[in-house]
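A.B. asks: After the C-alpha cells below, expect a handful of questions from me.
In this note's numbering, the protein residues as written are 5 to 651.
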C-alpha cells in the first residue's frame, strides 16, 4: 500500500493522475466502477463476474496513459507475439485527420453560435456533409433540443444508455435516430444542416459528434436512406460522371479519385484536397490537422474496502486547499479494521468515521479522506521491480538492482491481458522512467503467450460456470508430476483447448517406465522374448554408440524445444528415448557407461517437467552407485533436502 500510494503521489505531481466527472461503466453485482479495458464482449460484461455493466456519472480518478499513446504504439525491439502487438495497436487506435468546428445555427429556441467540434479522417469530403449526428450523451443535446422534440429525444437517450457499445456499433443493425430540431453551419460552404442524435455515435470516441457524409460512408448512407436525408457525391473515381447515381456509399479507393461538387477544390485529388481544405480551415480558425486515439485514460478508482486507498484528502474548512495529497511521512494509509460490510451494497469506507475523519495536511483544519481505492491492476503494473527488493524501506524500487536485472528478459502470460496488465505495465515503465525511478522504458523484452485450458464445455474455467477441474483432486489421484506432464503433453503450449482426461493414464505409464529403466536396468519384461536383445546387425560396441547418439540427439532436440516452449514435443521425445531404453533393458547394454549416460541425461531433461520424480530418481541413482547424494543439476536431491532439515 505504501509504495502504491507513493507512486500515485508522484504521478499526481507530474500531472499523470487526475480526477474528473465521467460517465463510467458500473458493475451492479461487484458494485464497482470498471476501466474500459475491463468490460468484455458484445454483452459488455464485467471481466470478473460476467454481469452486464451499466452507465453511471461519477467523479473518478484517472491515470493519463494517453500521454504515451504514440510511444505505446512502438514495439521496436520487443520480441512479442504479433497478435498481442496488433491488439494493442488496434486498442490505441491512432487516426490522422482534422478537427473541424461546426457552429450551431440560430433558431426560435436557440441563440446559436455554440461550437460542435468533430474529428474526421476525411476532411476532403466536407462539402458532402448533409447532416450532423451527436452521441445521445453529448453535453449539448439538452440545450439544442426543440421543445416539441424533447419527449422523444429524452426517451431515445435513456434507451441508448441501456444498449451495449458493441450493439450500438453493429453494422448489421438497423439505424435509429431522432432529430433535435436544430441545425448546424457547415464551415466550408455556410450551409445549414440538421442535427440528429443516433446511438451509433459514442461519446467515448472522438468528440462524440460526427459530420455525416452519406455518399462516402456506409453507416451514414444507411442512416440517410432510413430517414430520407440528402446524399451528395463529392468524390468520383476515374471515368465516373460528377453526378453519377450512388446505389451505395462510394469509398475512395485510388489516388486517381478526385473531388467533385466541392467548390474551389473540385478537380483536386483526394490527398491534395485533404491538405488544401485543412489549410483553408486553419487560416479561418475553423479547423486544424489533428490526431486522435481510441485509447482513453485509465480509470483507477474502485468503490470497495479492499485495494490501496487513494492518498488524498478534501479540506472541509478551506476550499482553496482543494484536493490535498498526503505527505510521504503519512503513508501508508490503511483500510480500517472496523469497517462494517454493507450487504445492501456500496463502499463501506464512505460511512466508516474512523477512516473518513482526518485533518488537512496543508492548513490543519478538518478534512475528509478519499474513499475510493485503487484498481488492483496498479499492483500488477510494477510488482517485478518490488520483487527485487521486497524489504526496501527507503524507496519503492532499488535503482542498482533495476539496472542489473531489468528489463525482464522473458515474460510468460496470457494474451487476454494484451490491453490490460501488459498495456498498463508498459505505461508504468514509461512513466516511472520519466520520473527517474527506473532506467528502462519497456518492462518485458520477450513475451510468450500460453494457451488457456478451457472447461469441457469450451468456456474459460470459472467457479461461477461450474466447469473447474480441481487440481488437488487430480494430484491426489495421479500425482503432481503426472498432472504437470499431462498438461504439457495435451498440445502446443501456446494454443490451449478444452480439458479432456484422455491420455493421462498414458503419461502415468511413461513415468513408471522411467522409474523402471533408472532403478532396474537389468530386469526384463515378462513374456517378451526379444527384451534386451541388441538391434539386428549390431555388436555391443555399435549398439552402445547408437544409444549414446540417440541420447545426445534427444538432448539437442529437447534443448531447442525448451527455447521454443514446445513442451508437448519434449515429452514425446523423452518417451521415445525411454522406449529405446526399455527395449535394451536386461541385455548387454544395461548398466554400461552408455546406459548410465543415457539415463543420466534422461533425468536431467525430465527434471524441469517432472521435478519430483526426477529428483528422487537422481538421489537413488547416486546412492546405488555409492556416490554422495549432493545437489545435482536436476535440483536438490532428497538426501540433501533431508540433511538440510536435520541440520
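For every residue, glycine included, the Cβ atom is placed at its ideal position computed from N, Cα and C.
Using 8 Å as the cut-off, can you tell me whether the stretch 232-247 makes contact with the stretch 257-268, which would need three or more C-beta pairs spanning the two stretches below that distance?
C.D. replies: Touching, yes.
A.B. asks: Counting along the chain, where does the beta strand (DSSP E) carrying residue 99 start and finish?
C.D. replies: Within the chain shown, the letter at position 95 stands for residue 99. Here the beta strand (DSSP E) through residue 99 covers 99-108.
A.B. asks: For residue 367, does the three-state DSSP call read helix, strand or coil?
C.D. replies: In the chain shown, the residue the question calls residue 367 occupies position 363. In the structure shown, residue 367 sits in coil (DSSP, three-state: anything other than H, G, I, E or B).
A.B. asks: In terms of DSSP beta bridges, what is residue 457 paired with?
C.D. replies: Position 453 of the chain shown holds residue 457. Note: residue 457 sits in a beta bridge opposite 501.
A.B. asks: Would you decide whether residue 53 is buried or exposed? Buried here means 16 or more other CB atoms lie within 10 Å of its CB.
C.D. replies: By 1-based counting over the chain shown, the position of residue 53 is 49. Exposed.
A.B. asks: Between which two residues does the alpha helix (DSSP H) carrying residue 146 extend?
C.D. replies: As a first step, residue 146 is located in the chain shown; it is residue number 142 there, counting from the start. Residues 145-148.
A.B. asks: Going by DSSP in three states, residue 61 sits in which element: helix, strand or coil?
C.D. replies: To locate residue 61, count along the chain shown from 1; it is residue 57. Here residue 61 sits in strand by DSSP.
A.B. asks: Could you tell me whether the Cβ atoms of residue 483 and residue 494 are closer together than 8 Å?
C.D. replies: The residue you call residue 483 lines up with position 479 of the chain shown. The residue you call residue 494 lines up with position 490 of the chain shown. Cβ atoms of residue 483 and residue 494: not closer than 8 Å.
A.B. asks: Grab me the residues of residue 439's own chain with a C-beta within less than 6 Å of its C-beta, minus the 5 sequence neighbours each way, in chain order.
C.D. replies: Locating residue 439 in the chain shown gives position 435, counting from the first residue. Here the set comprises 14.
A.B. asks: What ranges does the beta strand (DSSP E) occupy inside the stretch 560-634, keeping only unbroken runs of at least 3 residues that lie completely in it?
C.D. replies: With a minimum length of 3 residues, no continuous beta strand (DSSP E) run stays inside the stretch 560-634.
A.B. asks: Please tell me whether residue 459 and residue 409 are closer than 8 Å, where the distance is taken between their beta carbons.
C.D. replies: Taking the first residue of the chain shown as position 1, residue 459 is located at position 455. Taking the first residue of the chain shown as position 1, residue 409 is located at position 405. Cβ distance not < 8 Å, so residue 459 and residue 409 don't count as in contact.
A.B. asks: Would you call the stretch 513-532 in contact with the stretch 585-594, where contact means no fewer than 3 C-beta pairs closer than 8 Å?
C.D. replies: Yes, the stretch 513-532 touches the stretch 585-594.
A.B. asks: Measuring only between beta-carbons, confirm whether residue 13 sits less than 8 Å from chain B.
C.D. replies: You won't find chain B in this structure, because it holds only one protein chain.
A.B. asks: Could you pull out every residue in the same chain whose Cβ sits closer than 8 Å to the Cβ of residue 550, ignoring the five residues on either side in sequence?
C.D. replies: Here residue 550 refers to the residue found at position 546 of the chain shown. Counting only Cβ-Cβ distances below 8 Å, and skipping sequence neighbours, we find 539, 542.
A.B. asks: My understanding is that residue 185 touches residue 152, with C-beta atoms under 8 Å, so please give their C-beta distance in whole angstroms.
C.D. replies: Here residue 185 refers to the residue found at position 181 of the chain shown. Here residue 152 refers to the residue found at position 148 of the chain shown. The pair is a contact, with the Cβ atoms about 7 Å apart (cut-off 8 Å).
A.B. asks: For residue 394 and residue 443, what's the separation of their Cα atoms in angstroms?
C.D. replies: As a first step, residue 394 must be located in the chain shown, where it is residue number 390. As a first step, residue 443 must be located in the chain shown, where it is residue number 439. Approximately 19 Å between the Cα atoms of the pair.
A.B. asks: Taking the C-alpha atoms as reference points, what is the distance between residue 653 and residue 225?
C.D. replies: Given that the chain is displayed from residue 5 to residue 651, the structure contains no residue 653 and the question cannot be resolved.
A.B. asks: For residue 92, which option in 109, 352, 207, 41 has the closest C-alpha, if you only look at C-alpha atoms?
C.D. replies: On the chain shown, position 88 is the one that residue 92 refers to. Selected option, being the one with the closest Cα: 41.
A.B. asks: Tell me, please, which residues DSSP counts as bridged to residue 114.
C.D. replies: Mapped onto the chain shown, residue 114 falls at position 110. Bridge partners of residue 114: 111.
A.B. asks: In whole angstroms, what is the alpha-carbon distance linking residue 517 and residue 457?
C.D. replies: Residue numbering aside, residue 517 sits at position 513 when the chain shown is read from its first letter. Residue numbering aside, residue 457 sits at position 453 when the chain shown is read from its first letter. Each residue's alpha carbon lies about 27 Å from the other.
A.B. asks: Cα separation between residue 455 and residue 83?
C.D. replies: Translated into the one-based positions of the chain shown, residue 455 becomes position 451. Translated into the one-based positions of the chain shown, residue 83 becomes position 79. Whole-angstrom Cα-Cα distance: 18 Å.
A.B. asks: What is the C-beta distance between residue 20 and residue 37, in whole angstroms, given that I count them as a contact (C-beta under 8 Å)?
C.D. replies: In the chain shown, counting from the first residue as 1, residue 20 sits at position 16. In the chain shown, counting from the first residue as 1, residue 37 sits at position 33. So it is not a contact: roughly 19 Å between Cβ atoms.
A.B. asks: Do residue 3 and residue 519 have their C-beta atoms closer together than 8 Å?
C.D. replies: The question about residue 3 has no answer here: the residues shown for the chain are numbered 5 through 651.
A.B. asks: As a quick exercise: from 123, 148, 104, pick the residue whose alpha carbon is nearest that of residue 111.
C.D. replies: Translated into positions along the chain shown, residue 111 becomes position 107. Ranking 123, 148, 104 by Cα distance to residue 111 puts 148 first.
A.B. asks: Between residue 435 and the rest of its own chain, which residues show a CB-CB distance below 6 Å, the 5 nearest in sequence each way excluded?
C.D. replies: As a working note, residue 435 is residue 431 in the chain shown. Closer than 6 Å at the Cβ level, and outside the excluded window around residue 435, lie 20.
A.B. asks: With DSSP as the reference, identify every bridge partner of residue 24, one or two as the case may be.
C.D. replies: On the chain shown, position 20 is the one that residue 24 refers to. Paired residues: 64.
A.B. asks: With DSSP collapsed to three states, give me the class of residue 281.
C.D. replies: By 1-based counting over the chain shown, the position of residue 281 is 277. Correct three-state label for residue 281: helix.
A.B. asks: Report buried or exposed for residue 555, applying the criterion of at least 16 other Cβ atoms within 10 angstroms of its Cβ.
C.D. replies: Taking the first residue of the chain shown as 1, we reach residue 555 at position 551. Looking at its Cβ environment, which holds 16 or more other Cβ atoms inside 10 Å, residue 555 is buried.
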